[in-house]
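Down below is the structure, laid out as structure tokens.
There are 2 protein chains.
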Amino acid sequence: MPVFTEYSSSPRDLRVLPSFAPPLPRLSSKFEPEPGDEKYEVVIVGAGPAGMMMHLLLTRYGLSDDSVLCVDAKPEVLKSGQADGLQCRTLEVLKSLDLADEILTQGCQQWEVAFWDPSTHRNADTGKVPPGIERTSLVSEVRVAARFPYCVTIHQGRIERILETDLLRYSKRGIQRSTRLVNVTIDEDGDPEFPVKAQLEDANDGSCRRTIRSKYLVGADGAHSVVRRSMGLKLQGESTNHIWGVVDLVLDTDFPDIRRRCAIHSAAGSVMVIPRERIPTGEYLTRLYVQIPGVVKADNDQEEEEEEGKGEAADKSKKEAKTRRNEVTLESILAHAEAAFRPYTIKPKGRDAVDWWTAYQIGQRVANEFAVHDSEGVNRVFIVGDACHTHSPKAGQGMNVSMMDSHNLAWKLAYAVHDLSANANAMLDTYHSERHRIAQDLIAFDRSISSMFSGQIDPLHGGITHEQFQQVFSTGNGLTTGCGVEYGGSCLVEKPDTEDDITDNLYPIQGTDYLAGILQPGRRLPNVRLKRHADGCKWDMQDDLPCTGRFRVICLTSSDLLDPSGKSATALRSLASMYEHFPPVVEQIVVHPRLSKDFMWQDIPSQVKKWSEMRFYSGYEMDGVQDVYAVYGVDPDHGALVVVRPDGYIGLISCLDGTTQVENYLRGCLKYT
Amino acid sequence: MPVFTEYSSSPRDLRVLPSFAPPLPRLSSKFEPEPGDEKYEVVIVGAGPAGMMMHLLLTRYGLSDDSVLCVDAKPEVLKSGQADGLQCRTLEVLKSLDLADEILTQGCQQWEVAFWDPSTHRNADTGKVPPGIERTSLVSEVRVAARFPYCVTIHQGRIERILETDLLRYSKRGIQRSTRLVNVTIDEDGDPEFPVKAQLEDANDGSCRRTIRSKYLVGADGAHSVVRRSMGLKLQGESTNHIWGVVDLVLDTDFPDIRRRCAIHSAAGSVMVIPRERIPTGEYLTRLYVQIPGVVKADNDQEEEEEEGKGEAADKSKKEAKTRRNEVTLESILAHAEAAFRPYTIKPKGRDAVDWWTAYQIGQRVANEFAVHDSEGVNRVFIVGDACHTHSPKAGQGMNVSMMDSHNLAWKLAYAVHDLSANANAMLDTYHSERHRIAQDLIAFDRSISSMFSGQIDPLHGGITHEQFQQVFSTGNGLTTGCGVEYGGSCLVEKPDTEDDITDNLYPIQGTDYLAGILQPGRRLPNVRLKRHADGCKWDMQDDLPCTGRFRVICLTSSDLLDPSGKSATALRSLASMYEHFPPVVEQIVVHPRLSKDFMWQDIPSQVKKWSEMRFYSGYEMDGVQDVYAVYGVDPDHGALVVVRPDGYIGLISCLDGTTQVENYLRGCLKYT
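Just so you know, the sequences run in chain order C and G.
Note that the numbering used here numbers the first sequence so that position 352 is 699, with each residue one more than the last.
Note that the numbering used here numbers the second sequence so that position 96 is 443, with each residue one more than the last.
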């Protein structure tokens, strides 16, 4: 199959530079816009974490500056405030982009969460319950199998800078800044191949208005998304009556858990403590979310514009909330925090201790559609990140879900643009079906945790109990770490057929504890530590699934691998003859269980070395290496075939003799010749 | 104590950038050269790994572009060939500079070494011994406790690029390239404060000759060092009669261990296989060291210039060797390699498979002195890296020992320049005493391994046995990994007094298996994994010893920590009152054994939180965390105090009640007020 691949420099010059991701092959003809006619294959609006991730992924997949444009109204990256939390799955994805190191090393790792509640224990000397709070429990932050068993807090501006620095290795232009989207329409009559029409202007003075056309457009333009409004999509949900202040500062305190994430419920209100990274002065930042007492009536709205007070329908309670939110000062936030921390004291440490602060009203809203079709039903305009869902920062999700939206969509777009797919539009359909469900789940969780968190722990007077709160917190761990995300069935996810298949051993996975590592179509492939055959190197499975847009077929061979006519050898030969029919975007990983004897390359089918020389592993337990079969729920006597999508989510699991199933699945995703 | 600290930008702007190392305080007045008068505090000649490391460390320690200059004759960093191996200790040091990530992730990790020897096993079918080689053993590459239990091969040009990229965060000027040193002299009469006079010129055409003066000068100008010659220092040693070819290439082969480090001894000659990193084409590089058969007489020389044929005294055998070396071609190297690999086949894979090749004669030489004094006995000129020792590449040491020379010297120079030291010149004296010994040990090892490696495994005819070879290889593991380096006693290393002290429990360390982790003054502090009190984070001890020029006092408290009048609390209070008398370059790390009950900050001496809030750990075994006391050889009932030098080597170990010893040691290193 003829393919076109573009490299930016000669291999020799590249040898002193950090490695570059190999671009995807392109089956469509090279995109060469005509001079004077501003056209792109993809336009991205907004360069926060969601937009930057989208831009970076598309350029890594091989889209050139001619092909993709990303604009942003802001003149530069953030310098303070906003989102700060990276969850386990996001860390795994950043690692798959080789962008995790600085974050893991220099960010603030959170391994534990402490719960503080009103004191109930009597002092041994006085016989009285002392006023204030006491620690009621201390638990692990992450209670699922994750490659990095902690979450990390770090300045959003640093994340954006890390993404942008990497982007500039692949894109000469980078982000086009100070450029604002005025509106976007789908206009199929003017130019059916480039039906998306976007009007841009200079963000400073509204000058230099121009119209550009594209095949696809991605709105990553935040909660007040112009793309969403232009497309007539609605945010649905409600804002609650709780107002919170948030402040990033260096603290002087005797509170013992200031370096742990804490949920503090005190009689004087609730505070969430988020430890943050060390700053150049050598001090450590802390973020406090502080409940501002008082009640305003909850309201339901269709659009956050109304909440902003623009809509005529804005009712009294909304206005009250907005007024009260605007009345919040740094001093009032700190005063409420001080009251909640008693008997411990907190105060800003020294001059310039406060880095950033704001006040907000909790709201949870999600857009009804994440994609808009043209008249032919082709997905043309997408919204990602805050443009399609907003929620409270309590669960530390904002930046994570936003980047993961782009991570889900980018490879599907690249496959469409590069014409690699058998049915590009069906793949693009899964963006809405997969991510809309996740957004809804998260918002439901956020609503319950936020409302419980805003309530007092006061079981005696009808409030929630500490146990109730912690229960909700724990249940959500799969969701909040990102490791429990499971996509539904589609052309990209083939769920096990029936219960019967499972009981009849037609399906090779045993067990259902997916959060502990058992494989399940629609969930991400959990990491395992293996030992490589070629060099004895101990290696992480996920490092064989870098984010390069490739599908992976993982062959967990059975204990008959050394038998040339066994089912393992048969499967490997059959897979090898299949790969030739697809574009070169399918990579093979092979794992073997403990075998009857030591062996060398010549003792096993030659296809293993040909297709996976450096991706062939022993998968049984030894020093520093895991029992992969046990972790994944695969019987070593039977083995399994697992197809992993380019974003690391499992598309299909079959028995070793299910190579036809694998082929059919891939034929639904890829061109076949 | 008043200190002067310079920051290059405001803390706020720094928040989106990677963290910067905090500079050392400066007690001497700020260095401000007079205009028109080219003077520096330190001049570095050469910007290979040794010179670049020296420059980077000095700038990180706080020396500005006014204060330090680094010149190099080459116009840019390397693009191919030369050194490629990074040993365990070097990886630890690069990690302490936060520069290891790309190397660990993108380099080639070597976990195992295979030994291949002439076949001796009869074929079961034919009853004959087949011609060629067979694998005789497969062992771990690293057999000592190391944070990274493997070595890494990666292009030297990448190491230099990584160091230079980081350097440019601290130095605006960076390396002054295309600038050659003509000569250097010590001229105390002209300017006693800046007695080192160096003449520089344009490396391209010899134009722009200029003279600069400095307090200190470091020659990192390689095997043909102008600094060494100008100072009249001699390289002593010998070159052997063995000639080797080396080639970096992409191979097409059925040899099963091509991705492992291999020592191949065949009847047709010896080959060493060094797997290398993946290159941008997706292929993997391999380096082969190939013995070129034939014998020339060994010679002893005082200077490598003679070997170069410049000296009149160059004798016939030297000329023969040189002639033969010059006759080696790529084709002959490959032909010899092919013969040694039989029955396996090797050939270059495709066009442009060969990246680089050369031929060399093994030689081991070391300079008699590593430093030159002025008439007052003050160390003024130093040589580091290849300028003071050359050896064969077999042990993979070149780049490592060179960078470690600079790592040993740089902080001592910075202390001298910043006037932080009680006796700067005595500290500078230890550069020669510590590094000269290591160079001699390495050369002795290299000589034995090289000569054995060049010999045939042929015990029947008086050759060495496989067991003899592997024995030498194993014994050297402490040396070659860098983890077994032990410096002798000096003002910076206080060895345990006598055997009596040890048996009388006046010395707190039990055990002598230093390569497994037992502490010993003069050796580097081995890494351990701990759990931090403040946040429950699991953490590596070595990450609390970043390469920032600070001394660390590690207090391994005893099991009486919760007793306010116990020896642990007493030691902590006594240490805290001592720190105030020193410049702020002493940091405290505290570890506690399993205690009788859970505790909070208020249950232990307040000095722990004040001096080591984020460096206070539990040191007993639990999930993913080690028993630090057992690893280090410390009895939890007695505890210990350990002082670690800025380069990570242990300076002093005492009992918990030995705070006076600690103070005396530090008073020998630091200003005291």
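Ideal Cβ placement from N, Cα and C applies to all residues, glycine included.
Closest residue to residue i among the options (Cα-Cα distance)
i: D552(G); options: R527(G), F946(G), V637(G), P952(G); result: R527(G)
i: D384(G); options: D601(G), S561(G), W704(G), I501(G); result: S561(G)
i: K581(C); options: T633(C), R362(C), A714(C); result: A714(C)
i: V597(C); options: A447(C), H928(C), T633(C), H612(C); result: T633(C)
i: H765(G); options: L908(G), H754(G), F378(G); result: F378(G)
i: R897(G); options: D538(G), P370(G), D568(G); result: P370(G)
i: S518(G); options: H738(G), T827(G), A368(G), G823(G); result: A368(G)
i: E723(G); options: L756(G), P603(G), P539(G); result: P539(G)
i: C498(G); options: A550(G), R623(G), R962(G); result: R623(G)
i: N747(C); options: H571(C), A471(C), T1020(C), I501(C); result: I501(C)
i: S924(C); options: A771(C), R794(C), K957(C); result: K957(C)
i: P873(G); options: K386(G), L1013(G), P496(G), Y408(G); result: P496(G)
i: E833(C); options: G995(C), R1014(C), V593(C); result: G995(C)
Boundaries of the beta strand (DSSP E) in which residue i is found, first to last residue
i: L451(G); result: Looking at the DSSP string, L451(G) is not in any beta strand (DSSP E); the run it does join, the alpha helix (DSSP H), is 448-453.
i: R625(G); result: 616-625
i: V991(G); result: 987-991
i: L485(C); result: 480-487
i: E459(G); result: 459-465
Three-state class that DSSP yields for residue i in the structure shown
i: F495(C); result: coil
i: A863(C); result: helix
i: Q857(G); result: coil
i: I559(C); result: strand
i: C902(C); result: strand
i: I936(G); result: strand
i: L909(G); result: coil
i: S375(G); result: coil
i: Y1019(G); result: coil
i: R962(G); result: coil
Min CB distance residue i to chain G below 8 angstroms
i: D776(C); result: no
i: R606(C); result: yes
i: P349(C); result: Bear in mind that the predicted position of P349(C) carries a pLDDT of just 35, short of 50, making it unreliable; the figure below should be weighed with that in mind. No, its Cβ sits nowhere closer than 8 angstroms to a Cβ of chain G.
i: T1020(C); result: no
i: D599(C); result: no
Any C-beta of chain C under 8 angstroms from that of residue i
i: R520(G); result: no
i: E833(G); result: no
i: F462(G); result: no
i: R992(G); result: no
i: V594(G); result: no
i: R698(G); result: no
i: R373(G); result: no
i: P690(G); result: no
i: T452(G); result: yes
i: E674(G); result: no
N- and C-terminal bounds of the alpha helix (DSSP H) containing residue i
i: K442(C); result: 435-443
i: V748(G); result: 745-764
- Item | the segment 882-905 of chain C: positions lying closer than 7 angstroms to chain G by Cβ | D882, G883, C884, K885
- What residues in the segment 935-950 of chain C bring their beta carbon closer than 9 angstroms to a beta carbon of chain G? M947, W948, Q949
- Residues within the segment 488-516 of chain C neighbouring chain G, beta-carbon criterion of under 8 angstroms: Y497, H502, G504, R505, E507, R508
- Item | Interfacial residues, the segment 610-641 of chain C to chain G, with Cβ spacing under 8 angstroms | P622, R625, I626, P627, T628, G629, Y631
- Compile a chain-ordered list of the residues in the segment 707-739 of chain C whose CB is closer than 8 angstroms to at least one CB of chain G. none
- Task: Could you run through the segment 456-482 of chain C and flag, in chain order, every residue whose CB is less than 8 angstroms away from some CB of chain G?
- Result: Q456, Q457, W458, E459
- Task: Check distances from the C-beta atoms of the segment 366-390 of chain C to those of chain G and list, in chain order, the residues that come in under 9 angstroms.
- Result: S366, F367, P369
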